[in-house]
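Worksheet: one structure, shown below.
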Amino acid sequence: MKTAKIALWILAIFGIANARVLSQDSTESALSQGIAYFYNANFEMAIQQIRSALESDSLAGSEQFTANIYLAFSLIRQQADDEEAETCFERAIAAQPDAGLDARIIPPDLYDRFQTVRRRSLGGIYIDSDPMYSRAVVIDTTGQRFKEQVTPAIFDNLFAGSYYVMVEREKYDDYVDLVNITAGEIDTLFVALKEKKKPFFNNWWAWGSGFAVAAILFMVDWGGEDQPAKTSQELPVPPERP
Numbered sequence: 011m012k013t014a015k016i017a018l019w020i021l022a023i024f025g026i027a028n029a030r031v032l033s034q035d036s037t038e039s040a041l042s043q044g045i046a047y048f049y050n051a052n053f054e055m056a057i058q059q060i061r062s063a064l065e066s067d068s069l070a071g072s073e074q075f076t077a078n079i080y081l082a083f084s085l086i087r088q089q090a091d092d093e094e095a096e097t098c099f100e101r102a103i104a105a106q107p108d109a110g111l112d113a114r115i116i117p118p119d120l121y122d123r124f125q126t127v128r129r130r131s132l133g134g135i136y137i138d139s140d141p142m143y144s145r146a147v148v149i150d151t152t153g154q155r156f157k158e159q160v161t162p163a164i165f166d167n168l169f170a171g172s173y174y175v176m177v178e179r180e181k182y183d184d185y186v187d188l189v190n191i192t193a194g195e196i197d198t199l200f201v202a203l204k205e206k207k208k209p210f211f212n213n214w215w216a217w218g219s220g221f222a223v224a225a226i227l228f229m230v231d232w233g234g235e236d237q238p239a240k241t242s243q244e245l246p247v248p249p250e251r252p
């Protein structure tokens, strides 16, 4: 009985895995067919196939970018609603903010439409610091997007909104601030890091230990000739036991 149950569990697991693989293969096939329809100027079928692919949750970020881009292209060529095409561009940018299009391959009118939406959606910030080559980190307020570079650096392809900026370097106090990124602009931030101050105790200890060493050297230098070191015979004898 136990063996039969285990076998059923194994079959169920393999069945789920196979279903997911088939679903993913079907989605990728629909996307590939949709792109092929687009290049064959069959925009209606391209829209149908790509929409079918986007209904699946198995598309990765890069595939979501591609699917939304070609759906937008097909809608534009089909002379459909411009707002829907722009929404597709926005979804593509949201899926992969750092991804771009090759202007040598994409027709100029489609490329320009994408770039218009991209500039309207993304901004950036140029961060410089003193000292240079400090670690700069930009984090969105949700904590989902994180970028790190060494100053001076340009953090681009950031969605408009608020971001935490941190600049740090060893032996300097950390700089943390909340900045606002404006779409279509590259803002500038210069950070002058302050050197860390040594705690008072550490300063006192260093001064005190130095004073003690100087005092010992003074005693050795000035008292050594007048009071020579005692020999073992001159040392006091331990008291006798009662």
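Numbers in my numbering are just positions in the sequence shown, counted from 1, shifted up by 10. No residue lacks a Cβ here, since even glycine has one placed at the ideal position from N, Cα and C.
Distance between residue j and residue i (C-alpha atoms, nearest Å)
i	j	result
R179	K208	16 Å
N78	N50	18 Å
F83	N190	32 Å
D140	Q159	15 Å
Y80	D150	29 Å
A104	A56	22 Å
Bridge partner(s) assigned by DSSP for residue i
i	result
T192	In the DSSP output, where bridge partners are listed per residue, T192 has none listed.
R114	Per DSSP, none; premise fails for R114.
Y5	Here the chain has residues from 11 to 252 only, and residue 5 is not among them.
Check whether residue i and residue j have beta carbons under 9 Å apart
i	j	result
V177	V147	yes
V175	I116	no
Q106	Q154	no
A170	G110	no
I143	T161	Looking at the sequence itself, residue 143 is Tyr, so the reference to Ile does not match. In this structure, T161 lies closer than 9 Å to Y143 by Cβ.
A102	T76	yes
Classification of residue i by the beta-carbon crowding that lies within 10 angstroms, buried from 16 upward
i	result
Y185	buried
T152	exposed
A70	exposed
R7	No answer is possible for residue 7: it lies beyond the span of the chain, which begins at 11 and ends at 252.
K181	exposed
S42	exposed
K204	exposed
Short CB-CB distance (under 9 Å) between residue i and chain C
i	result
A170	Included in the structure is just one protein chain, with no chain C present.
message = Does the structure place the segment 156-169 close enough to the segment 190-207 that three or more beta carbon pairs sit under 8 Å?
response = Yes, the segment 190-207 is in contact with the segment 156-169.
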